[in-house]
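Each number in the working numbering comes from the position in the sequence shown (counting from 1) with 96 added on. The C-beta atom is built at its ideal place from N, Cα and C for all residues, glycine as well. Small disclaimer: the values here were computed from a predicted structure and weren't measured. Remarks on the structure that follows.
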Amino acid sequence: MSIKVFVPRDSAALAAGADEVAAAIVSGARKRGVDVELVRNGSRGLFWLEPMVEVATAAGRIAYGPVEAGDVDALFDASFHSGGAHALKLGLTDDIPYLHKQERLTFARMGVTDPLSLADYEAHEGYAGLRRALAMPATEVVQQVLDSGLRGRGGAAFPAGIKWKTVAALQAPQKYVVCNADEGDSGTYSDRMTMEGDPFMLIEGMTIAGVASGATEGYIYIRSEYPHAVATMTQAIAAAEAAGFLGGDILGSGKSFRLHVRKAAGSYVCGEETAMLESLEGKRGIVRAKPPIPAIKGLFGKPTVINNVITFASVPVILAKGPGFYQHYGVGRSRGTLPIQLAGNIKYGGLVEKAFGVTLRELMYDYGGGSASGRPIKAVQVGGPLGAYVPESQWDIPLDYEAYAAVGAVVGHGGIVVHDDTADMARLARYAMEFCAIESCGKCTPCRIGSTRGVEVIDKITADQNRPQQVKLLRDLCDTMVNGSLCAMGNMTPYPVLSALNHYPQDFGIITPDRKAA
């Protein structure tokens, strides 16, 4: 009888030697006459345990990790292929506390299935959402997305259903669906994991968007640094089309939708939706002035639904189980779950999918296990390189779009980068301005010039060159960038700068009144 062994094909696992481990398992099984069926699954997101090998047993899947190629012979000697005891044995995968405490809706199949097996996908509730969508009027599909409370997971948090409704209401000879998969924020990898580990989920979500809005063509704009995601999505699209889930007659419904993969231009600003459209059209990726909004005049001047990977990937479960099921999770106007990515100076880095309302303290200590260095955590940047630094006084605020906005922070794409008490916040603030100066598309003056001047002003503050006046100048400059920039690149760069200045003034050499008194 064949024994099923799972070795991840995710980029993180590959970087840790997963291919070598897979080859060693095949070789070891052949040498011992053990009939092994090797499945290259996606990652579960427990990156400190990669490569994490799983074995299917009667009791459930049992995990071992982190496994190196040199461990494989000893694992066979311990009969790991039938769940035998070994120092690397982690027990039943589903019982690992890091996984067990999560609410996995979007990532329910992640690490469970073979990413390129349509049969595996359908066996785990795949395409149930599309089948329901095809059986109801397009207006009802849009209403279900609206009722679910799903908001854009790319950072702006705009209600997805409103975009879809706008495009659906327009008459046009051609409409488009575009997925922004140019995941460039620091500490983020949920888009990559989705494309590499559950590509049919993204395809299904985009197809539902096409059916709902009347769009017949779709594009996935994938970060150029993600070659494995590009390859996996390309193969998955071909498989879906061959099986009738894409093409001129989706599942015999008479509805048409085709998908294309495009490699991104390598520019951070192309993560902004209008710069991405310019790039898709073969032009230089610079921000467009709005209005008109892309929903009305988007790709090639036609009505376009634009969402990011996790937004589209959240749609199939909403259509399969109903908006009420999804609404049940979350707090306030932040409904559903968010795949949160723990990175930086953290002991247990990885992906945690939780309902909105979880706190940073819970994420960093209950899941992340504190800092990797063992030193006290000083600051946490939430929402990418343009997100604010969150001090300890705000670590118990529920992760919620409105609650974070109220304290000048952003949830963004769910990336969390942890810094311990050795971090120099003035240097990190300077880096934010320098990053903006390098990555600015150059179209608007506040972003292009403001970021360059920002670097100079921070240097003067730290060098104590007329510090009080320079601090005032920095705040005025940040105000200009926030209110005068064309897009989030310029108007969000001040978030990390001001949060560092406000919460960690001592790192800038500023002596606060309470420290003076002391």
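query                                                                                                                                                                 : result
Among Pro542, Phe604 and Gln239, whose alpha-carbon lies nearest the alpha-carbon of Thr576?                                                                          : Pro542
For the putative contact between Leu186 and Ile192, defined by C-beta atoms under 8 Å, what is the C-beta separation to the nearest angstrom?                         : 6 Å
Using a Cβ distance threshold of 8 Å, determine whether the stretch 548-568 contacts the stretch 472-492, with at least three qualifying pairs required.              : no
Residues in its own chain within less than 8 Å of Met585 by CB, not counting five upstream and five downstream?                                                       : Tyr364, Val365, Glu368, Val383, Leu482, Cys532, Glu535, Ser536, Cys537 and Cys543
With a threshold of 6 Å on Cβ separation, who are the neighbours of Gly301 within its own chain once the five nearest residues in sequence on each side are excluded? : Phe408, Ala409, Val411 and Pro412
Closer than 6 Å by C-beta to Ile333: which residues in its own chain qualify, once you throw out the five before and the five after it? Chain order, please.          : Leu355
DSSP has Gly446 in a bridge; who is on the other side?                                                                                                                : Leu142 and Leu438
Closer than 8 Å is the cut-off here; do at least three beta carbon pairs connect the stretch 482-502 with the stretch 448-456?                                        : yes
Please report the residue range of the beta strand (DSSP E) in which Glu620 lies.                                                                                     : As shown, the chain starts at 97 and ends at 614. That puts residue 620 outside it, with no answer to give.
Rounded C-beta distance between Gly480 and Asp281? I'm assuming under 8 Å.                                                                                            : 3 Å
Just the Cα atoms here: how many angstroms apart are Phe143 and Asp555?                                                                                               : 37 Å
Starting from Pro494, follow its DSSP beta bridges and name the residues at the other end.                                                                            : Thr455
Taking the CB atoms as reference points, tell me whether Arg249 and Asn403 lie closer together than 9 Å.                                                              : yes
In whole angstroms, what is the alpha-carbon distance linking Gly397 and Thr262?                                                                                      : 15 Å
Based on Cα-Cα distance, which residue from Glu313, Thr209, Ala499 and Gln198 lies nearest to Asp462?                                                                 : Gln198
What number of angstroms, rounded off, separates the C-alpha of Arg571 from the C-alpha of Tyr217?                                                                    : 52 Å
Have a look at Glu116 and Glu164 and give me their C-alpha separation to the nearest angstrom.                                                                        : 8 Å
What does the alpha-carbon distance come out to for the pair Ala174 and Thr589?                                                                                       : 54 Å
Report yes if the CB atom of Ser489 is closer than 9 Å to the CB atom of His599, and no otherwise.                                                                    : yes
DSSP three-state label for Ala596, please.                                                                                                                            : helix
What is the DSSP secondary structure of Asn587, reduced to helix, strand or coil?                                                                                     : helix
Indicate the three-state DSSP secondary structure (helix, strand or coil) for Gly166 in the structure shown.                                                          : helix
If you scan the stretch 246-310 from start to end, which runs of the alpha helix (DSSP H) of 4 or more residues do you find wholly inside it?                         : 256-265, 286-293 and 295-309
Kindly indicate which residue of Asn137, Ala155, Ile316 and Ala268 has the alpha-carbon position closest to the one of Met148.                                        : Asn137
To the nearest whole angstrom, what separates the beta carbons of Arg319 and Asp278, a pair I think is in contact under 8 Å?                                          : 5 Å
Helix, strand or coil for Tyr194? Go by DSSP, reduced to three states.                                                                                                : helix
According to DSSP, which residues form a beta bridge with Val357?                                                                                                     : Ile316
What is the rounded straight-line gap between the Cα of Met415 and the Cα of Arg105?                                                                                  : The question names Met, yet the displayed sequence has Leu at residue 415. Each residue's Cα considered, the two are about 29 Å apart.
So Ile99 and Val151 are supposed to be a Cβ contact under 8 Å. How far apart are they, rounded?                                                                       : 7 Å
By how many angstroms is the C-alpha of Gly464 removed from the C-alpha of Gln240?                                                                                    : 35 Å
Report the rounded CA-to-CA distance for Pro564 versus Tyr485, giving the unit in angstroms.                                                                          : 22 Å
Restricting to runs no shorter than 4 residues, where is the alpha helix (DSSP H) found entirely within the stretch 344-416?                                          : 369-376
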